[in-house]
Amino acid sequence: MTLLGRELILGVGGGISAYKSAELLRRLQDIGFGVTVIPTRASLNFVGTATWEALSGRPVTENLWNNVHEVPHIRAARSANLIVVAPATADLLAKVAAGLADDFLTNVLSATTSPVVFVPAMHPEMWANPATMKNVAVLRERGYLVIEPDEGRMTGDDFGIGRYPEVNRIISELSTYAELKSDLLGKKILVTAGGTREAIDPVRYIGNHSSGKQGYAIAKAARNRGAQVVLISANSNLPDLAGIETISVTSTLQMQEALNSRFPECDLFFMAAAVADARPIEVASEKLKKGSFNRIELETNPDLIFELSKSRRSSQILIAFAAETGEMDIAAAKIKMSSKGADLLFLNDVSNGSIFGSDKTAGILIDSNGAVLECAQQEKDTLADLLLDQALTKLG
Ligand code: CTP
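Following our numbering, the numbering of the sequence shown begins with 132 at its first residue and continues without gaps.
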């Protein structure tokens with residue numbers, strides 16, 4: 132059931148260990164999750180809404196009756212790739228096992244089709260209670276992951292099985308359960324996407340057909356593998372990707388400015404945008420009339436990846452793209468790659484309107500070590516993972 136996204140709901144039950152979920156929330160964010168907290172009303176006796184809002188950076192409510200016109204429990208249930216309930220009280224386990232839904236969190240749990248992980252924490256007597264044991268068994272039978280509590284000291288001076296588990300163990304068990312791929316954890320990835328536009332006058336521009344789909348696919352795949360991703364997007368109509376910092380630009384020089392500030396910190400750099408090679412020397416401030424619209428004087432734009440490669444650290448990996456029409460000339464592509472200081476280049480044939488705007492792509496991946504890999508037609512999402520694999524191998 133490999134997780135395809137990193138949107139997570141953290142349900143917080145009403146137990147004294149609710150404060151430990153603050154640490155869990157941080158760790159989930161560290162491994163690339165965008166986290167929305169849904170507390171139960173009882174849990175607010177232990178940790179308040181303000182804490183969850185500040186830590187998650189998102190609004191928090193326990194109330195099922197807010198913004199009813201947006202049907203928030205269904206919206207939340209559909210938005211989450213994974214739900215973690217921590218601490219899961221005896222009451223919450225019982226409710227979900229019985230299919231009860233009487234507040235926001237239990238409604239979301241009853242509506243979700245995503246994997247759900249329960250992190251029980253309660254006094255040993257409550258954990259050992261046959262009703263709780265039965266509910267845990269029912270939940271496990273239905274495919275939920277119910278993590279075993281730790282053994283240790285309780286809130287009072289009692290001792291036994293029921294403690295909130297170590298956060299490391301929670302992360303490790305839920306990663307295995309959700310088949311979480313985290314090989315890009317801690318890596319910073321910079322991606323450009325779309326096509327730059329150069330203004331001629333207030334209504335016209337020089338541009339290209341790039342949709343941004345390949346760049347967005349790389350950004351999304353990198354996020355899903357735990358990377359911290361910055362996407363510089365030029366004139367793409369694609370919806371924003373949750374959990375990815377997106378900087379919108381229009382022209383090549385704007386893209387260069389954004390790159391100059393974000394390139395130094397990245398580990399992998401994917402220059403997937405189609406860059407306008409030249410721009411009008413003068414941009415008319417008024418719309419040009421037919422009579423005077425017969426010639427545009429151009430000046431060359433900087434080669435963005437080449438300029439960046441001059442200041443690169445040896446530990447950075449640069450991936451270029453080349454969209455050609457006609458025969459795919461590997462020798463020429465190798466020269467292009469090395470002249471731009473790139474480590475990998477994905478070469479494809481965009482003749483006949485194929486590839487631009489499509490969800491599919493095909494091409495040849497060329498490595499600066501001389502290796503050449505034919506990539507048969509596949510989803511841009513699939514190629515994104517392949518490019519990340521190759522780039523990661525080169526990163527070492
Ligand atoms: N590129 C860039 N800056 C430019 C032009 C291209 O950074 N001004 C990048 C593209 O984003 C791509 C790679 O360079 O990753 C190759 O782009 P391509 O258009 O094939 O290269 P050009 O240098 O424009 O060569 P050509 O003469 O074949 O158009």
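We put the beta carbon where it would ideally sit given N, CA and C, even for glycine.
Quick caveat: nothing in here was measured; it's all calculated off a predicted structure.
Counting only runs of 3+ residues, the beta strand (DSSP E) found wholly inside the region 319-406 occupies 319-325, 359-365, 376-380, 399-402, in chain order. One Cα belongs to E193, the other to A454, and the distance between them is close to 50 Å. The ligand CTP approaches A451 closely enough that one of its heavy atoms is under 7 Å from the residue's Cβ. If you look at D222, you'll find it in the alpha helix (DSSP H) that goes 221-229. For P203, the enclosing alpha helix (DSSP H) starts and ends at 203-210.
By the criterion of a C-beta distance shorter than 7 Å, L429 is surrounded in its chain by A409, R410, P411, I412, once the five residues flanking it on both sides are discounted.
When secondary structure is reduced to three states using DSSP, V216 falls in the strand class. Of the candidates L362, F177, V166, M386, M386 places its Cα closest to the Cα of I436.
The DSSP-derived three-state label of L316 is coil. Within the same chain, S313 come within 7 Å of S306 by CB-CB distance, once the 5 residues on both sides are set aside. By the criterion of a C-beta distance shorter than 8 Å, M285 is surrounded in its chain by H254, P255, G291, G293, R294, once the five residues flanking it on both sides are discounted. Remark: the C-beta of A348 is outside contact range of the ligand CTP, defined as less than 7 Å to any heavy atom. When DSSP states are grouped into helix, strand and coil, V143 belongs to the strand group. Here the region 349-359 makes contact with the region 162-178; the two share three or more CB pairs at distances below 8 Å. Under the DSSP assignment, F235 falls in the alpha helix (DSSP H) whose first and last residues are 235-242. Every unbroken stretch of the alpha helix (DSSP H) spanning 4 or more residues and falling wholly within the region 238-276 is given here in chain order: 255-259, 261-272. Relative to the non-hydrogen atoms of the ligand CTP, the Cβ of T383 comes within a distance shorter than 7 Å of at least one. With a threshold of 7 Å, the Cβ atom of P433 counts as near the ligand CTP, since some heavy atom of the ligand is closer than that.
Contact between E396 and K318 fails: their C-beta atoms lie close to 11 Å from each other, not under 8 Å. In this structure, L236 sits near G142, with a CB-CB distance shorter than 8 Å. Not one heavy atom of the ligand CTP falls within 7 Å of the beta-carbon of I486.
Per DSSP, the unbroken beta strand (DSSP E) holding K491 starts and ends at 491-498. Taken through DSSP and simplified to helix, strand or coil, G422 comes out as helix.
The beta carbon of A219 lies closer than 6 Å to those of G144, F249, V250, P251 in the same chain, with the five residues before and after it left out. Exposed is the label assigned to H200, since fewer than 16 other Cβ atoms lie within 10 Å of its Cβ. The ligand CTP has a heavy atom closer than 7 Å to the beta-carbon of V406. Taken through DSSP and simplified to helix, strand or coil, N479 comes out as strand. By a beta-carbon distance limit of 8 Å, A515 contacts A352. Their separation comes to about 4 Å. Under DSSP, the beta-bridge partners assigned to L449 are F400. Within the same chain, and ignoring the five residues on either side of E282 in sequence, the residues whose Cβ sits closer than 6 Å to its Cβ are I292. By alpha-carbon distance to V414, the top candidate from M468, I497, A330 is A330. Taking C-beta atoms as the reference points, L519 and S499 fail to come closer than 8 Å.
A contact is defined here as three or more CB-CB pairs under 8 Å, and the region 225-234 fails this definition with respect to the region 147-156.
Using a cutoff of 7 Å, the CB of A454 counts as near the ligand CTP, since one of the ligand's heavy atoms is closer than that.
Cβ-Cβ distances below 6 Å link Q508 to K491, A493 in the same chain, with the five nearest sequence neighbours on each side left out; the list follows chain order.
It is roughly 29 Å from the alpha-carbon of G472 to the alpha-carbon of L372.
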